[in-house]
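Some notes on the structure that comes next.
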Amino acid sequence: MRFEGKVAIVTGAASGIGRATAARLAAEGAKVCIVDREQAALDAATPEGEVMTHACDVSDEAQVEACVKAVVEKWGRIDAVANNAGVSRGYQPIMENDMEDWRTVIGVNLFGVAHFLKHAGKVMQEQGSGAFVNTASVAGIRSGAGGNAYSASKAGVISLTQTAACDLGGYNVRVNAVCPGLIETGMTKRVFDYARDNDKEHKLGSRCELRRYGKPEEIAAAICFLASDDASYITGQALPVDGGNTAS
Ligand code: NAD
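For the sequence shown, the residue numbers in the working numbering are 137 to 384.
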């Protein structure tokens, strides 16, 4: 039980990678605050274990500050934050981009991470311990199907992971990122369904050395590793969990 007695927050926990991460943390003994936009979605996704729900929009700093306060009021500390909430807007060439989409994607994917680093970071700074794991993407390493704003937001998450690791390292607080490849979740369902029906050679799935899509649980395993004491000497890193997508 790697997370016995520990308190964790998981954002975007009503679906996909976040839901799998919350379930694994709870199964490994953590008290988990699951965060997503809608209370009903959180209620439907609550895993077994000691779990609280907190509906909040991670792109809104005041709501994130209130979430951090609620967790500290209930459990007195924060040991791990999985900054995982994210949105994508599909691919259009830059010439056709709607800049309102840019504001939404950067607001959730990048500001959302910064808000928790700031407010939960202060709690961890005082404690003298803690770990953040930010969900970036292979799209932040090289161009991906998620589009311009999405790739820029995820490259920003990788950079923010490094700078925040420098700011917090002196307080024994680690900050890392995972970079998932193509994972079957609500975010990618439409594109994967299309590929299954129309792409008989499975070109999309074979864009990685393992020649298959990943499962949310395979990303959750990496997030939990980086959040745990097993990764006690790892900080400022962005770990591709992509079936070898970025290896070739
Ligand atoms: P998902 O759509 O299944 O889950 C994302 C969750 O984030 C949803 O429950 C959604 O409601 C929540 N969310 C969105 N905006 C929010 C906001 N403003 N405040 C709070 N919650 C919000 O998608 P997923 O694939 O599980 O995505 C999880 C993370 O993984 C995202 O950051 C995504 O960019 C990243 N990622 C996914 C893939 C993939 O192939 N699925 C690949 C690389 C990176």
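We put the CB at the ideal spot given by N, CA and C, even for glycine.
Given a cut-off of 8 angstroms on the beta-carbon distance, is the pair residue i and residue j in contact?
i	j	result
Gly292	Leu362	no
Ile370	Arg310	yes
Gly282	Pro316	no
Ala256	Val204	yes
Gly154	Val143	no
Val200	Phe252	yes
Ala150	Gly185	no
Ala166	Phe139	yes
Val259	Val208	yes
Grab me the residues of residue i's own chain with a C-beta within less than 6 angstroms of its C-beta, minus the 5 sequence neighbours each way, in chain order.
i	result
Gly372	Gln298 and Ala301
Ile359	Thr157, Ala218, Val269 and Val314
Ser289	Val241, Ile242, Asn245 and Leu246
Ser364	Arg138
Ser195	Gly243, Val244, Phe247 and Gly248
Grab me the residues of residue i's own chain with a C-beta within less than 7 angstroms of its C-beta, minus the 5 sequence neighbours each way, in chain order.
i	result
Arg173	Ala191 and Asp193
Asn220	Val146, Thr147, Gly148, Ile153, Gly154, Thr157 and Thr271
Gly276	Ser287, Lys290, Ala291, Val293, Ile294 and Cys315
Glu226	Note on residue identity: the sequence assigns Gly, not Glu, to residue 226. Excluding positions up to five away in sequence, the list reads Gly283.
Val249	Asn219, Asn270, Val293 and Leu296
Gly264	Tyr307 and Asn308
Ala206	His190
Glu354	Val377
Asp237	Arg225 and Ala285
Apart from the five residues on each side of it in sequence, which residues of its chain come closer than 8 angstroms, Cβ to Cβ, to residue i?
i	result
Gly152	Ile319, Thr321, Gly322, Met323 and Pro352
Ala356	Ile153, Ala156, Thr157, Ala159 and Arg160
Ser279	Ser287
Ser368	Arg310
Asn233	Gly283, Asn284 and Ala285
Gln261	Leu304, Tyr307 and Val309
What's the call for residue i, buried or exposed, on a 16-neighbour Cβ count within 10 Å?
i	result
Gly306	exposed
Pro376	buried
Ser384	exposed
Met231	exposed
Gly266	buried
Ala198	exposed
Asn334	exposed
Exercise. Entirely within the segment 161 to 209 and at least 4 residues each: give me those alpha helix (DSSP H) ranges in chain order.
Key: Listed in chain order, the alpha helix (DSSP H) elements of length 4 or more contained wholly in the segment 161 to 209 are 175 to 181.
Exercise. Please confirm if the segment 370 to 384 is in contact with the segment 345 to 356, defined as three or more CB-CB distances below 8 angstroms between the two stretches.
Key: Counting Cβ pairs under 8 angstroms, three or more are found: they touch.
Exercise. Within the segment 234 to 300, note down every full alpha helix (DSSP H) run reaching 4 residues or more, in order along the chain.
Key: As far as the segment 234 to 300 is concerned, its whole alpha helix (DSSP H) runs of at least 4 residues are 235 to 242 and 248 to 263.
Exercise. Say whether the segment 177 to 184 touches the segment 323 to 334, bearing in mind that this needs 3 or more beta-carbon pairs closer than 8 angstroms, one atom from each stretch.
Key: Because the criterion of three Cβ pairs below 8 angstroms is not met, the segment 177 to 184 and the segment 323 to 334 do not touch.
Self-check item: Secondary structure, alpha helix (DSSP H): runs of 4+ residues fully inside the segment 338 to 369
Solution: Entirely contained in the segment 338 to 369, the alpha helix (DSSP H) runs reaching 4 residues are, in chain order, 352 to 363.
Practice problem: Please list the segments of the beta strand (DSSP E) lying wholly inside the segment 307 to 339, counting only runs of 3 or more residues, in order along the chain. | Solution: If one requires a minimum length of 3 residues, the beta strand (DSSP E) runs lying completely within the segment 307 to 339 are 309 to 316, in chain order.
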